[in-house]
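I have placed the structure first, in the form of structure tokens, so that the comments after it can refer back to it.
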Amino acid sequence: MDTYELLKTALNVSSQRAELISSNIANVNTDGYKAKRIVFESELKQALETNGSTAASQVKPQITENASTSIKDNGNNVDLEVEMLD
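Using my numbering, you'd call the opening residue of the sequence shown number 1 and step up by one each time.
Here is the structure:
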């Protein structure tokens, strides 16, 4: 993966992350809503360490449900403090 492609991918992931954070904040009071996270950096690092740039070009961002915050009585687990830090 050349530098241009890596930067392009990083910008796309950054944009997706901002959209997810916005969605999480918008749904802070929605019953049953589960906060979402994007996983990319750790996967990219592992691919670069394992197989170099060839494997890195295959890494795609994964959207996961955030299980690290406590769930409120209404089933929602959005934590505004966590969202503001991301």
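Cβ atoms here follow ideal geometry from the backbone N, Cα and C, with glycine treated the same way. Keep in mind that this is a model prediction, so the values were computed, not measured.
Here Gln62 has Ile38, Val39, Phe40, Glu43 as same chain residues with Cβ atoms under 8 angstroms from its own Cβ, once five neighbours each way along the sequence are excluded. Per DSSP, the unbroken beta strand (DSSP E) holding Thr64 starts and ends at 62-65. The Cβ-Cβ distance between Ala67 and Val59 does not fall below 8 angstroms. Only exposed fits Ala18, as fewer than 16 other CB atoms lie within 10 angstroms of its CB. Cβ contact annotation for Lys34 (same chain, cutoff 6 angstroms, sequence separation greater than five): Glu65, Asn77, in chain order.
Within the same chain, and ignoring the five residues on either side of Thr30 in sequence, the residues whose Cβ sits closer than 7 angstroms to its Cβ are Asn76.
At a Cβ-Cβ threshold of 8 angstroms, Val28 and Leu85 do not count as neighbours.
In the three-state DSSP reduction, Val82 falls in the helix class (H, G or I).
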